[in-house]
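Asks:
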Amino acid sequence: MKPGDAVADAEPVDAPAELRREARIDLAAIEHNVARLREVAGTRSLMAVVKANGYGHGSVPVARAALRGGADWLGVVDIVEALELRDAGIDAPLLTWIHATDADFASAVAARIDIGVNSLDQLRAVAQAVRGDSRADVHVKVDTGLGRNGAAAENWGELFAVAADLESAGRIRVRGIFSHLANAGDDEDAAQIAAFQRALAAAADAGVHPELRHLASTAAALRVPASRFDMVRVGIGIYGLSPFDDATSAELGLVPALTLVGGVVAVKRVPAGTGVSYGYSYRTRQETTLALVSLGYADGIPRLASNRAPVSIRGGRYTVSGRIAMDQFVVDLGADECEVGDDVVLFGDPATGVPSADEWAAAAETINYEVVTRLGGRIVRRYPS
Ligand SMILES: *Cc1c(COP(=O)(O)O)cnc(C)c1O
Numbered sequence: 016m017k018p019g020d021a022v023a024d025a026e027p028v029d030a031p032a033e034l035r036r037e038a039r040i041d042l043a044a045i046e047h048n049v050a051r052l053r054e055v056a057g058t059r060s061l062m063a064v065v066k067a068n069g070y071g072h073g074s075v076p077v078a079r080a081a082l083r084g085g086a087d088w089l090g091v092v093d094i095v096e097a098l099e100l101r102d103a104g105i106d107a108p109l110l111t112w113i114h115a116t117d118a119d120f121a122s123a124v125a126a127r128i129d130i131g132v133n134s135l136d137q138l139r140a141v142a143q144a145v146r147g148d149s150r151a152d153v154h155v156k157v158d159t160g161l162g163r164n165g166a167a168a169e170n171w172g173e174l175f176a177v178a179a180d181l182e183s184a185g186r187i188r189v190r191g192i193f194s195h196l197a198n199a200g201d202d203e204d205a206a207q208i209a210a211f212q213r214a215l216a217a218a219a220d221a222g223v224h225p226e227l228r229h230l231a232s233t234a235a236a237l238r239v240p241a242s243r244f245d246m247v248r249v250g251i252g253i254y255g256l257s258p259f260d261d262a263t264s265a266e267l268g269l270v271p272a273l274t275l276v277g278g279v280v281a282v283k284r285v286p287a288g289t290g291v292s293y294g295y296s297y298r299t300r301q302e303t304t305l306a307l308v309s310l311g312y313a314d315g316i317p318r319l320a321s322n323r324a325p326v327s328i329r330g331g332r333y334t335v336s337g338r339i340a341m342d343q344f345v346v347d348l349g350a351d352e353c354e355v356g357d358d359v360v361l362f363g364d365p366a367t368g369v370p371s372a373d374e375w376a377a378a379a380e381t382i383n384y385e386v387v388t389r390l391g392g393r394i395v396r397r398y399p400s
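The sequence shown begins at 16 in our numbering and counts up one residue at a time.
1. Going by CA-CA distance only, name the one from G73, V145 and V155 that's closest to L110.
2. Using C-beta distances below 6 Å, list every residue in its chain close to G278, excluding the 5 sequence neighbours before and after it, in chain order.
3. With a threshold of 7 Å on Cβ separation, who are the neighbours of Y297 within its own chain once the five nearest residues in sequence on each side are excluded?
4. Go ahead and pull the three-state DSSP assignment for R323.
5. As a quick exercise: from V249, L174, V177 and T159, pick the residue whose alpha carbon is nearest that of L89.
6. Answer yes or no: do L9 and R53 have a C-beta to C-beta separation smaller than 8 Å?
7. Which residue marks the beginning of the beta strand (DSSP E) containing D358, and which one marks its end?
8. Looking at A313 and R396, is the spacing between their C-beta atoms short of 8 Å?
9. Mind checking whether the beta-carbon of W88 lies closer than 7 Å to any heavy atom of ligand 1?
10. Just checking, does the region 262 to 270 make contact with the region 79 to 97 on the three C-beta pairs under 8 Å criterion?
11. Going by the CB atoms, is the gap between Q207 and L196 shorter than 8 Å?
12. If you measure between the beta carbons of V270 and H47, is that distance less than 8 Å?
13. When burial is assigned at 16 or more other CB atoms within 10 Å of the CB, is M246 buried or exposed?
14. Determine the direct distance from the alpha carbon of E33 to that of A21, and round the result to whole angstroms.
15. For D152, which three-state DSSP category applies?
16. Starting from T303 and walking both ways along the beta strand (DSSP E), at which residues does that stretch end?
17. At a cut-off of 7 Å, would you count R298 as near ligand 1, judging by its Cβ distance to the nearest heavy atom?
18. Over what stretch of residues does the alpha helix (DSSP H) that includes T233 continue unbroken?
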């Protein structure tokens, strides 16, 4: 008998029952959103940003859905995230833009991952990592006023001169020049677009002519036509969420893709005046029914949303009652009923009658980006077809 045989012959063992902590992700919605953003932006290329595990939605399934929806580039933060996509068999053009001091540029070049370059040092490190007769594809990142990554204006001349030399030596190709907006207002956007034009002129003066100039993320792709250039890099929009305070997903023609679902794990009838959860920040006003839900702040449910955020159970809408704890929270159902095992929807597509990620963001004094990306490691992602 070989070592594997005993396992193969054993009775199938059911997976242990787990508490319901599910993110249900509608990949058709992601396809739709990409197509919608392509249509609105009208650019030659569209990069779907799938960093941070696809904003919590699962980077590999999202990347595939985005490509089906018409994205022709994928964007992630670092080379580690990019190699995960390559290992999953995704061969679309891929850009990374933040690098560890000891980043593995050689593996990136070998895997045809484009490298965002922020400085002369990085440009030289990338050129040195090129083996044999291969060539690194780089996108030079310029700081046009965000004050984060990207080369400062006083370094553009030297950076592009060295880039031009390395290009003629066949070590690199400057495939793109890019920058990122601060979304600080119309005047600030215009100033950054003007600075970006100066960077493009500095590149041209040095003999560098990249095929892809890109500046806009979702907000600017939707509302600032002058920022669109050859490609937009869209993240939040492909997940169906709005980057704006003054426009909902539906108003932008986008469909939220993620529905966060917990389960009812206990139901009990309690008298008026019952204190609920730590600190008794909630007390029942009359005799009522309390439902206990299987999600807590360890799952990324913001504690700040205690006594504020909405949930949906059996189509009814309720508010979290009392403090959100590590693994659970309570909902006062009033005169309504539910059963152990019922779904509790925290947020999803409001067009289906459930609360939105925006409502959770407001309840937790944050933005929808944080609500979806902070989901914890116990949440299981499901992709219903
Ligand atoms: C995250 C990110 C984006 C996407 O931003 P959204 O607002 O989610 O569209 C685009 N470009 C860069 C450089 C980013 O870091």
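Note that CB positions come from ideal geometry on N, CA and C, so glycine has one too.
Replies: To lay it out plainly:
1. As a working mapping, residue 110 is identified with position 95 in the sequence shown. A check of alpha carbon separations from L110 across G73, V145 and V155 identifies V155 as the nearest.
2. The residue you call residue 278 lines up with position 263 of the sequence shown. A distance below 6 Å between beta-carbons, with the five flanking residues on each side excluded, links G278 to the following residues of its chain, in chain order: R35 and S309.
3. Residue 297 sits at position 282 when you count from the first residue of the sequence shown. Sequence-distant partners of Y297 (beyond 5 residues in either direction) whose C-beta falls short of 7 Å from its own C-beta, in its chain, are V291, N322, S336 and G337.
4. On the sequence shown, residue 323 is found 308 positions in, with the first residue counted as 1. Residue state, collapsed to three classes: coil.
5. For the purposes of this step, residue 89 is taken as the residue at position 74 of the sequence shown. Out of V249, L174, V177 and T159, V249 has the C-alpha closest to the C-alpha of L89.
6. Missing from the structure shown is residue 9; the chain here goes from 16 to 400 and no further.
7. Here residue 358 is taken as the residue at index 343 of the sequence shown, counted from 1. Counting along the chain, D358 sits inside the beta strand (DSSP E) bounded by residues D358 to F362.
8. Counting from 1 along the sequence shown, the entry for residue 396 is found at position 381. Counting from 1 along the sequence shown, the entry for residue 313 is found at position 298. Against a cut-off of 8 Å, the Cβ pair of A313 and R396 comes out as no contact.
9. Here residue 88 refers to the residue found at position 73 of the sequence shown. Flag unset: Cβ of W88 not near ligand 1.
10. With fewer than three CB-CB distances shorter than 8 Å, the region 262 to 270 does not count as touching the region 79 to 97.
11. For the purposes of this step, residue 196 is taken as residue 181 along the sequence shown, with counting starting at 1. For the purposes of this step, residue 207 is taken as residue 192 along the sequence shown, with counting starting at 1. Cβ distance < 8 Å, so L196 and Q207 count as in contact.
12. Looking up residue 270 in the sequence shown gives position 255. Looking up residue 47 in the sequence shown gives position 32. Result yes, Cβ atoms of V270 and H47 sit closer than 8 Å.
13. The residue labelled residue 246 in the question sits at position 231 within the sequence shown. Under this definition M246 is a buried residue.
14. Counting from 1 along the sequence shown, the entry for residue 21 is found at position 6. Counting from 1 along the sequence shown, the entry for residue 33 is found at position 18. Note that A21 has pLDDT 44, beneath the 50 cutoff, so the model's placement of it is unreliable and no number is given.
15. Within the sequence shown, residue 152 is the residue found at index 137, counting from 1. Residue state, collapsed to three classes: strand.
16. Start at 1 with the first residue of the sequence shown, and residue 303 comes out as number 288. Run containing T303: T303 to V308, per the beta strand (DSSP E) assignment.
17. By one-based count along the sequence shown, residue 298 stands at place 283. The closest heavy atom of ligand 1 lies 7 Å or more from the beta carbon of R298.
18. Translated into the one-based positions of the sequence shown, residue 233 becomes position 218. Looking at the DSSP string, the run of the alpha helix (DSSP H) that includes T233 is T233 to R238.
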